[in-house]
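In the working numbering, the protein residues as written are 2 to 226. For reference, the structure discussed in these notes is given below.
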């Protein structure tokens, strides 16, 4: 029996030179190459099983297993696994996970980027695209991002986009061999009626509009296919 298609999946989302598209098994070589080059860059932020050794997976076989699992979750409406591309080149990964319907209609979002693309506005654009997609076609009410306090680069992403700081979660996730505190950031759909991508573009205009400034400038809408 064919499983029903999940709302908003599959999807390709683009803005400028940044594209999100479904993670594919054939991304294995590009993914493994990026992970090998970024072992030290990512090591302190990788989830680890309790009792396991801190590691950053780099093997293509590891990716294939993960990608197949995530794609199954996507078909069941529980996840949205995206590859992040810059000018068509693999640059990182963004996962929308923990999708819950019912009275919650919420999900959490996680991401990593190749260090050579860091600081270019790629990940804020990717997060804005994914969040707008979650609030639009996917039909969610709330999106949250949980980040270690020490991870300044990831914190800058959500702070630039105006995610609301909801406080500290003690020993929230096992990372790099230990239970680590996380800061929780969130948005609900009603906080960004103009769209998060529009807010991000407006914040880059002269004068640096704040998250609370009404936006009446034309926005560049993500292309979907």
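Don't be surprised by glycine CBs; every beta carbon is placed ideally from N, CA and C.
- Burial state of residue 87 is buried, judged by a 10 Å Cβ sphere holding 16 or more other Cβ atoms.
- Per DSSP, reduced to three states, the secondary structure at residue 180 is strand.
- Sequence-distant Cβ neighbours of residue 28 in its own chain, meaning closer than 8 Å and more than five residues away, are 64, 68, 84, 91.
- If you draw a straight line from the Cα of residue 115 to the Cα of residue 10, it comes to about 25 Å.
- The criterion of a C-beta distance shorter than 8 Å is satisfied by residue 164 and residue 188.
- Per DSSP, residue 132 is one residue of the alpha helix (DSSP H) stretching across 123–136.
- Taking residue 30 as the centre and dropping the five residues before and after it, the same chain places the C-beta of 61 closer than 7 Å to its C-beta, in chain order.
- Annotation for residue 183: 147, 148, 149, 170, 173, 174 place their beta carbon closer than 7 Å to its own, counting only its chain and skipping 5 residues before and after.
- Between residue 82 and residue 73 the beta-carbon gap is near 10 Å, outside 8 Å, which marks them as no contact.
- For residue 22, the enclosing beta strand (DSSP E) stretches over residues 19–23.
- Its chain contains 71, 74, 96, 97, 98, 100 as the residues whose beta carbon lies nearer than 7 Å to that of residue 80, once the 5 sequence neighbours on both sides are disregarded; these appear in chain order.
- Under the criterion of beta carbons closer than 8 Å, residue 144 and residue 108 qualify as touching, at roughly 6 Å.
- With contacts defined as CB atoms closer than 8 Å, residue 46 and residue 125 fail to qualify as a contacting pair.
- Of the residues 43, 59, 93, 192, the one whose Cα lies closest to the Cα of residue 153 is 43.
- For the pair residue 185 and residue 196, the CB atoms are not nearer than the 8 Å cut-off.
- In the structure shown, the three-state DSSP call for residue 116 is helix.
- Taken atom to atom, the span from the alpha-carbon of residue 159 to that of residue 118 is near 17 Å.
- Unbroken beta strand (DSSP E) runs of no fewer than 3 residues, entirely contained in the segment 50–113, are found at 81–87, 90–101, following chain order.
- Under the three-state reduction of DSSP output, residue 160 falls in the helix class.
- Secondary structure at residue 149: coil, using DSSP grouped into helix, strand and coil.
- Secondary structure at residue 35: helix, using DSSP grouped into helix, strand and coil.
- Taking all protein chains shown into account, residue 140 has fewer than 16 neighbouring C-beta atoms within 10 Å of its C-beta and is therefore exposed.
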